[in-house]
Every structure is written in structure tokens, then in C-alpha cells.
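K.L.:
I have a structure here, written as C-alpha cells, and I will follow up with some questions on it.
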Amino acid sequence: SNIYAGQLWFNYNLARSTNLSQFFVSLYGEAGAGTLDEGTAFEEDLPAGFYWGAGLGLVKKFYVNRLHLGLEALGSYANYSFAGTNAYDEDWEWKLATIGLTLNGNLEIALGYDVNLGGGVSYRLFAPSSDWTYIFSGDEQNMSQWGDIPELDFGGLGFQVYLTWSLPSLSYDPLAAARGAIGH
7 SNIYAGQLWF NYNLARSTNL SQFFVSLYGE AGAGTLDEGT AFEEDLPAGF YWGAGLGLVK
67 KFYVNRLHLG LEALGSYANY SFAGTNAYDE DWEWKLATIG LTLNGNLEIA LGYDVNLGGG
127 VSYRLFAPSS DWTYIFSGDE QNMSQWGDIP ELDFGGLGFQ VYLTWSLPSL SYDPLAAARG
187 AIGH
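Numbered per this note's numbering, the sequence shown spans residues 7 to 190.
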């Protein structure tokens, strides 16, 4: 099965605080949809499901003229669910959530001072999970206790094509302001 998602990333340059050039903390959110291959629930084909995820981690960028290589390591959260209505007009939903590690490598070319075009490859390390929650008519049941529940694995290879726009620099350093507020 495949999930197709759009992502929104926010990076904050930690260079002033760490004395490491082009070193960032990164936060991302993503949402998309996908289907489970050969899946059925109660003799019915499964509908397409909704996926969303988020992550937080560190990024190091290496520049050579207009090109840069970025390496990222992020803790990630993934959530997938699908829902429907049975023949008796009763609503049902299956959902599963888990955490893992995302490793990204990307290559960008600077198109201008604040715009980059890039592409990348990611590998997600998630343990397969069968910790599904089933909701029927408002009642939740943990399905991991059942014997023959299919596993969902958010891990694997991913590809990205993206455009980066860098916002203007802040007139102050939020980390320095936070340190000043706590007396350091």
C-alpha cells in the first residue's frame, strides 16, 4: 500500500546558539491519504484512509556554491484511520497510531536568495504495529488482543520533490531571549 501526503516544514537555524553553521531544529506536519492492499473488514472492501503525521528533529546542511546537501534525523508520529457505514446505517472506524524515526537526505539548488528547489529520499524506521482501535457506534475496542489482525508498517522508502522559501530573518534571537528570561 502507498500513502501520498503533503508536508509543511519549519526550520530554525541554531547556528548562533551552537556555533555550528547551517544546523537547524526542524518541525514538520503532513497529511494525506492511501489505501490498504487486499484489505477487507467484515466482508467489505476498505475505503481509502486518512493519514496524518508530525515530527521533530535536527538538520545539518552542507553548502557548495548554489548546491546543498541536507541530512536530517527526526522523531516521527504517524496516524492512519479509515471509516464507513454498514448496511444497517451504523458508523464504524479503524485507527492506528505509532512512533518511529525518519532519516532524510536531500539535495537542493538555490534558485534565488530565498528560494531553493530540492529533491530527497527518506527512510522511515517504524516497527510494524497491529495495535488497531475499532470504533463502532461510539464504543472503542482495542483490537490488538484479537489473533488475526493485519499489521500496518509506516516504515520504508519515500521520495520528495519540494520548493523551499526562506522567511526573512527575525530581528531577535528567540533562544537568546528565552535564556535571558530564565537568567542565563
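Here a beta-carbon is modelled for each residue, glycine too, at the ideal position from N, C-alpha and C. Quantities reported herein were computed from a predicted structural model and do not represent experimental measurements.
(1) Is residue 83 near residue 59, with beta carbons less than 8 Å apart?
(2) I'd like to know whether the C-beta atoms of residue 86 and residue 158 end up nearer to each other than 8 Å.
(3) What does residue 42 pair with, by DSSP beta-bridge criteria?
(4) Using the C-alpha atoms, what's the distance from residue 79 back to residue 63?
(5) When the Cα atoms are used, what is the spatial distance from residue 187 to residue 26?
(6) Helix, strand or coil: how does DSSP classify residue 23 here?
(7) What do you reckon, are the CB atoms on residue 144 and residue 126 nearer than 8 Å?
(8) What are the boundary residues of the beta strand (DSSP E) that residue 132 is part of?
(9) Between the alpha carbons of residue 33 and residue 90, how many angstroms are there, rounded?
P.N.:
Let's see:
(1) Here residue 83 refers to the residue found at position 77 of the sequence shown. Here residue 59 refers to the residue found at position 53 of the sequence shown. Cβ distance < 8 Å, so residue 83 and residue 59 count as in contact.
(2) Along the sequence shown, read from residue 1 onward, the residue named residue 86 stands at position 80. Along the sequence shown, read from residue 1 onward, the residue named residue 158 stands at position 152. Yes, they are a contact pair.
(3) As a first step, residue 42 is located in the sequence shown; it is residue number 36 there, counting from the start. Note: residue 42 sits in no beta bridge, so no partner.
(4) Your numbering for residue 63 matches position 57 in the sequence shown. Your numbering for residue 79 matches position 73 in the sequence shown. Between the alpha carbons of residue 63 and residue 79 lies a distance of about 6 Å.
(5) Sequence index remark: in the sequence shown, residue 187 carries index 181 (1-based). Sequence index remark: in the sequence shown, residue 26 carries index 20 (1-based). C-alpha separation (whole angstroms): 24 Å.
(6) Sequence index remark: in the sequence shown, residue 23 carries index 17 (1-based). Residue 23: helix per DSSP, three-state reduction.
(7) What you label residue 144 is simply residue 138 of the sequence shown in a count that begins at 1. What you label residue 126 is simply residue 120 of the sequence shown in a count that begins at 1. Between residue 144 and residue 126, the C-beta spacing is not below 8 Å.
(8) Along the sequence shown, read from residue 1 onward, the residue named residue 132 stands at position 126. For residue 132, there is no enclosing beta strand (DSSP E), as DSSP marks it with neither H nor E.
(9) Translated into the one-based positions of the sequence shown, residue 33 becomes position 27. Translated into the one-based positions of the sequence shown, residue 90 becomes position 84. When rounded, the separation of the alpha-carbon atoms in residue 33 and residue 90 is 32 Å.
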